[in-house]
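Numbering-wise (my numbering), the sequence shown opens with residue 51 and increments by one.
C-beta atoms are modelled at their ideal positions from N, C-alpha and C, and glycine is treated no differently.
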Amino acid sequence: MTRRMWSVAAVAALVGSLTACTFGTPEPEASDAAVPAAALEVMNQPQYANGRWLISVRDIATGDVLIDLGADQMAEPASFTKSYSVGAAWLKWGPDHVITTPVKSTGDITGPTMNGDLVLVGMGDITLGGRTKPDGTVDFADLDHNDANPIPGATLTTEDPLAGLDELAAQVKASGIDTVTGTVIVDDRLFQGELADEPITPIVVNQNLIDVLITPGEPGEPATVEMTPAVAPWHIVSTVETVAAGEDFEVSNPESTGGGALAVGGTIAADSDPVLKVYALEDPATFARTAFIEALARAGVTVGGDPIAENPAASLPSKDAVAALPAVAEFDSLPLSQQATYIMKISYNRGAQAYVCLLSVEAGEDDCSAGLEEVGRLWADAGLDITGMSLVDGSGLNGNYITPENGVAAQTIMAERPDADEWRATMPILGVDGSLATVQPDSPAAGKVFAKTGTLVEGDLVNGRLRLNTKALGGVMEAESGRELAFVIIMNQGFSDDIEGVFTSNDDVGAVAAAIQQSF
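Written as structure tokens, this is what we have:
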């Protein structure tokens, strides 16, 4: 594989990829002495000499604590946080819950003409048909496009990211409408929030990203660049050149230069695989509006207004008035079990935060920050001692804290539900898929550990290296003995010279989990 150059600053953005209970305060019957020797060998490597490992393992059936290594200490769990936010949505609605995205009509329909506007109402569907396989399950790449910029090797799935909009447009046409005298307006007022300076909105098309795929040509020739989805006025301005096979190369992240232009530059080696980069949309509503107008045109429906104008949100009626309008089309999301699978398998930050926002709406607030209180309430009602968790978001960025024993208690609650198997299926599987696809694939534990990963990396600018703020793994496993175990492993403050060390640490945490799986 051709080498690629990565700076400390570039990799520092990497993230994974967030009533008393008898579970929350166990009387430990085991200690660090119970940590398997094979796990200790991994944990005692030099790169972790200045850090700490915290581990909690419990037999789900008996409640016996098998390992308690600092399990009552608070630590940043990184993207394991998603098991709390998505888990809270699961507790609230269950795995079969769907979200319906409607298109409303503001005017009368006379023959084939609708005299008014079409309102596309964002309801928080994070895939909107763009990841649905023919069998009705969600598709994902083990290294998904959401992480394409900081992590090399991300790929695209084959589904059409505009499929949901095309279905809505076809329904509008099937309703008898050929012409809309007004225009399309996107109503994105359901909730307002942001994560890492990016908007979290209830309207999501292609995860609110534009994908830019760069394919090398012959040495000395320009690379081929393809944009997905193709929505006006967006277009790529590329200066990426192909260099000789085997040479180091680096492709820049797309940057907006105005007028819908996205600039990418740099070099790519002739023998390289295609390189995926993404641009995060700053105005998802306007992008969705144009994409839907274009979908209507493909369906044979003519719409008035400038198709690439900014979304005219000021023209919307009140939220209550929009809710009362008749729907001319509706699109049902994948069930929560599949939406959760997408979030958990690939560690989709904005998707996890969207469910915090939806819980906020359920509590009567449109400010997403109110959703975390609802997360806590739902877990407390389920029997979790929520003093063992302190969250600032639903995705797992810096500032979230849990105790490992609290994470184990939460996973135990989920494992004792009637839908436990469906919840377990949302998790990455060791050596099989998602963020664990390449972790311990040849271990006898492969396929038997179902767990959410977590990664927080920052640059150590003094020493020119990377600081592994957190590497975490938590979920359930089928132990070699046949026992079902809940576990959480958190490593804080390791160090790595380069990006390869970050990937190695991911495998190291997996190796610790594999050693535990084999030892009990």
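Beta-carbon spacing of residue i, residue j below 7 Å
i: P283; j: I358; result: yes
i: V562; j: V92; result: yes
i: A330; j: V293; result: no
i: T336; j: E360; result: yes
i: F190; j: K395; result: yes
i: L240; j: G172; result: yes
i: A522; j: G504; result: yes
i: F545; j: R517; result: yes
i: A349; j: A220; result: yes
i: V188; j: Q388; result: yes
i: V275; j: I264; result: yes
i: P162; j: D228; result: yes
i: K142; j: L428; result: yes
i: T151; j: G166; result: no
i: I110; j: I539; result: no
N-terminal and C-terminal residue of the alpha helix (DSSP H) that residue i is part of
i: N519; result: Not the alpha helix (DSSP H): N519 falls in the beta strand (DSSP E), residues 515-528.
i: M277; result: Careful: M277 lies outside any alpha helix (DSSP H), inside the beta strand (DSSP E) at 274-278.
i: M93; result: 87-93
i: V136; result: 132-143
Close-in-space but distant-in-sequence residues of the same chain around residue i (CB under 6 Å, 5 per side omitted)
i: F73; result: Confidence is the limiting factor: at F73 the pLDDT is only 30, short of 50, which leaves the residue's position unreliable and the question unanswerable from this model.
i: V230; result: M164, L168, V353
i: A313; result: V287, E305, T307
i: P78; result: Its pLDDT being 35, under 50, P78 is placed unreliably by the model, and nothing is read from it.
i: A80; result: Caution applies to A80, whose pLDDT of 39 falls short of 50 and renders its modelled position unreliable; the value that the coordinates give is listed next. Result list for A80: V115, L116, I117, D118, in chain order.
i: I436; result: G426, W429, A430
i: T476; result: A390, T391, M394
7 Å CB neighbourhood of residue i in its chain, flanking five on each side removed
i: W140; result: L386, A390, W473
i: V271; result: The residue asked about is misnamed: residue 271 is Glu in this sequence, not Val. T292, listed in sequence order.
i: L384; result: T177, T182, V188
i: A529; result: L535, Q567, F570
Three-way DSSP call (helix, strand, coil) for residue i in this model
i: L116; result: strand
i: T75; result: Caution applies to T75, whose pLDDT of 32 falls short of 50 and renders its modelled position unreliable; the model cannot decide the point.
i: R102; result: strand
i: T292; result: strand
i: T554; result: helix
i: D197; result: helix
i: R108; result: strand
i: Q567; result: helix
i: A470; result: helix
i: K369; result: helix
i: F342; result: helix
i: T182; result: strand
i: Q242; result: strand
i: A121; result: coil
i: I358; result: coil
Contact set for residue i: own chain, Cβ-Cβ below 8 Å, skip 5 residues either direction
i: T86; result: In the sequence as displayed, the identity of residue 86 is Pro instead of Thr. For P86, where only same-chain residues beyond five positions count, the Cβ hits under 8 Å are A565, I566, Q568, S569.
i: G144; result: L386, D469
i: G497; result: I479, L480, G481, V482
i: D557; result: T488, V489, Q490
Where the beta strand (DSSP E) containing residue i begins and where it ends
i: K395; result: Note, K395: premise wrong, no beta strand (DSSP E); alpha helix (DSSP H) at 386-396.
i: E415; result: Counting along the chain, E415 falls outside any beta strand (DSSP E), and DSSP gives it neither H nor E.
i: F545; result: 534-546
i: P152; result: 150-155
i: N456; result: Note, N456: premise wrong, no beta strand (DSSP E); alpha helix (DSSP H) at 454-465.
i: A319; result: 311-319
i: P249; result: 248-250
i: G214; result: G214 -> not in any beta strand (DSSP E); alpha helix (DSSP H) instead, spanning 213-224.
i: V378; result: 377-382
i: V169; result: 168-171
i: A330; result: 325-330
i: V507; result: 499-510
i: L263; result: 259-265
i: N165; result: 163-165
Nearest to residue i (by Cα), restricted to the options the options
i: P211; options: G186, T182, E508; result: T182
i: G316; options: S302, K327, L206, D323; result: S302
i: P491; options: L480, W143, E380, G484; result: L480
i: V507; options: M277, Q403, E126, S155; result: E126
i: Q543; options: S531, G509, N256; result: G509
i: I117; options: G137, Q97, A89; result: A89
i: G514; options: D547, F500, G532; result: D547
i: V17; options: F537, F130, P252, D558; result: Outside the displayed span of the chain (51 to 570) sits residue 17, for which this structure offers no information.
i: A363; options: D237, P152, T233; result: D237
i: G120; options: N448, E455, I264, N258; result: E455
i: V378; options: A84, S129, L170; result: L170
i: Y134; options: T150, S445, E209, A111; result: S445
i: G4; options: D192, A295, A224, D443; result: Absent from the model: residue 4. The displayed extent of the chain is 51 to 570, so no value can be given.
i: L206; options: L218, G166, D185, M277; result: M277
i: V325; options: N199, G560, A465, G484; result: N199
i: G226; options: I253, A138, P376, I159; result: I159
i: S129; options: V559, G551, V290, G524; result: G524
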